[in-house]
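**Student:**
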Amino acid sequence: MMKTILTRRPLMSTSIATTALSIWILLLTPATSVAQDGGAGEMGGGGYDGGDEMGGDDYGSGYGEVGRGVEVKFVILLGPNLKSGEKPFLDAYELSRAASVSGGASLPISQDAIDVDLKTPLPTDAGISAQGRYPQKWDKEELDQFTTRIRAQAIRFGITDVRFEPFPEETAKKTPRTSRSDRVSFPFSEVNAKETAFVRVPVRLGRPDFAVLTKAAAAARALDAENPKIELFNAPPPAQHAGGYGDGMYGGMGDMYGMSDGGEMYGGMDMMYGGGDMDGGYGGGMMGSDMETPTLVDLTTQLEMQREALQQAEVALESLRQKSIDSKNDSEKQQLELKIREQLLSAFNVRQWLQQAQAEQLSRKLSDIEERMRQRQSRRDEIIENRLKEMLDRK
265 MMKTILTRRP
275 LMSTSIATTA
285 LSIWILLLTP
295 ATSVAQDGGA
305 GEMGGGGYDG
315 GDEMGGDDYG
325 SGYGEVGRGV
335 EVKFVILLGP
345 NLKSGEKPFL
355 DAYELSRAAS
365 VSGGASLPIS
375 QDAIDVDLKT
385 PLPTDAGISA
395 QGRYPQKWDK
405 EELDQFTTRI
415 RAQAIRFGIT
425 DVRFEPFPEE
435 TAKKTPRTSR
445 SDRVSFPFSE
455 VNAKETAFVR
465 VPVRLGRPDF
475 AVLTKAAAAA
485 RALDAENPKI
495 ELFNAPPPAQ
505 HAGGYGDGMY
515 GGMGDMYGMS
525 DGGEMYGGMD
535 MMYGGGDMDG
545 GYGGGMMGSD
555 METPTLVDLT
565 TQLEMQREAL
575 QQAEVALESL
585 RQKSIDSKND
595 SEKQQLELKI
605 REQLLSAFNV
615 RQWLQQAQAE
625 QLSRKLSDIE
635 ERMRQRQSRR
645 DEIIENRLKE
655 MLDRK
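Residues in the sequence shown are numbered from 265 upward in steps of one, following our numbering.
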């Protein structure tokens, strides 16, 4: 008598989930951004992106120390234009649960330490930055001391995009609020009657990178030990319009494929970084201007477009390289080499972002397979009966 053997579903699910997590971790190595370090009030370029340059010494004996002392507060920036019924790119439950799985003991995040901000305009760049807030009534000496201290602490942790903004007197007079509804309207940064500084971190494709967040938490403690805070926002795509990054994207120089001297730009990332067919390349408008999470079909289509863009960029880079070789003018040669270097640095970050999209694509494919398996399991008896009837009715 033939017996129906059921697979052990929990093991299957665990195996698939573990595979997805492993792929995700391997692909999502944080990239280092090219950044600009401006004076007080300057809106510099990309900022730090969690690269290896941060070094272990800045964190004491290890990342586990981040969890000690005052709990780091997290604020999810959703912006003033969140529509009714629109799903946030990240919520408190998802962040807390993801931290328990990926962050481990190094960065525990309780749901009580997470708020949302529906007032602050969403950032338009995609780099990590340090944000300083100070009373508007400060004189120049007080401001200089504050900006110097905050910039030094930020740079200590590899964050070179440092921005400062005064808060008006009416904000400074606010009394701290404790209710959940008030904290949603007035997040942690607005209930302080004194200067503060915090870290603002982009989240790409709705997946927090806990290697980056752990480092950012250490920086947040250095910036404000009494009120360490990290703001999270949905990172804009690498290209805001076809054919270009726009100024400041990852500290880049602007045009993706064209320069003012005739439209020849860079490419050859497979050649430069040893990539292959699955590397996806880079290019304008991968995610378009729509900030909604793309579907699996959209991701597949967009990644294919990037491979085509990569082939075009390879030709452009070779042309620019040859122009540098042929130039007899030392000044022109240096300028060309500088353009190549700056654009390749920007492209490296875009490449990391695209690999993250590929990881998302793989994860969704695995999720689709698991869902089909669940549906099939729920219809087990029906499938068996239909199959049995088909076999017995066959002449």
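Don't be surprised by glycine CBs; every beta carbon is placed ideally from N, CA and C.
Note that this is a predicted model, so its numbers are computed, not measured.
Just the C-alpha distance for Ala362 and Arg427, rounded to the nearest angstrom, thanks.
**Tutor:** For Ala362 and Arg427, the distance between alpha carbons rounds to 29 Å.
**Student:** What residue ranges within the stretch 384–444 form continuous beta strand (DSSP E) runs of no fewer than 3 residues, ordered along the chain?
**Tutor:** Counting whole runs of 3 or more residues, the stretch 384–444 contains the beta strand (DSSP E) stretches 393–399, 426–431.
**Student:** If I'm right that Ala262 touches Gln375 with Cβ under 8 Å, what's the distance once you round it to whole angstroms?
**Tutor:** Only positions 265 to 659 of the chain appear in the structure, and residue 262 is not among them; the question remains open.
**Student:** May I have the straight-line CA-CA distance separating Phe497 from Val334, to the nearest angstrom?
**Tutor:** Using only the alpha carbons, I get a separation of about 23 Å.
**Student:** Would you please state the rounded distance, in angstroms, between the beta carbons of Leu346 and Leu382? I believe it to be under 8 Å.
**Tutor:** Rounded, the Cβ-Cβ distance is 6 Å, consistent with contact.
**Student:** Please report the straight-line C-alpha distance between Leu652 and Gln622, rounded to a whole angstrom.
**Tutor:** One C-alpha to the other measures close to 41 Å.
**Student:** Can you give me the start and stop residues for the beta strand (DSSP E) that Asn498 sits inside?
**Tutor:** It spans 493–498 - the beta strand (DSSP E) in which Asn498 sits, taken as one unbroken run.
**Student:** If you check the beta carbons only, do Arg464 and Glu495 fall under 8 Å apart?
**Tutor:** Yes, they are a contact pair.
**Student:** Under three-state DSSP, which class holds Phe462?
**Tutor:** Three-state DSSP puts Phe462 in a strand.
**Student:** Is it buried or exposed for Arg213, if we count other Cβ within 10 angstroms and need 16 for buried?
**Tutor:** Residue 213 lies beyond the stretch modelled for the chain, which goes from 265 to 659, so this question has no answer here.
**Student:** Between the C-alpha atoms of Lys659 and Gly349, what's the straight-line distance to the nearest angstrom?
**Tutor:** Taking the straight line joining both Cα atoms gives about 55 Å.
**Student:** Once DSSP output is grouped into helix, strand and coil, what is the label at Gly527?
**Tutor:** Because the pLDDT at Gly527 is just 36, under 50, the model does not fix this residue reliably, and the point stays unresolved.
**Student:** Which residue wins for smallest C-alpha separation from Ala489, given the options Asp425, Phe474, Gln417, Thr424?
**Tutor:** Checking every option, the nearest Cα to that of Ala489 belongs to Gln417.
**Student:** Would you tell me roughly how many angstroms separate the C-alpha atoms of Leu354 and Ser583, rounded to the nearest one?
**Tutor:** Going from the Cα of Leu354 to the Cα of Ser583 covers about 43 Å.
**Student:** Secondary structure at Lys337, three-state DSSP: helix, strand or coil?
**Tutor:** Lys337: strand per DSSP, three-state reduction.
**Student:** Check the DSSP bridge columns for Asp381 and list the partner residues they point to.
**Tutor:** Leu341, per the DSSP bridge assignment.
**Student:** Where does the unbroken alpha helix (DSSP H) through Arg485 begin, and where does it stop?
**Tutor:** Taken as a continuous stretch (DSSP letters only), the alpha helix (DSSP H) holding Arg485 covers 474–487.
**Student:** Taking only three categories from DSSP, how would you classify Gln599?
**Tutor:** Three-state DSSP puts Gln599 in a helix.
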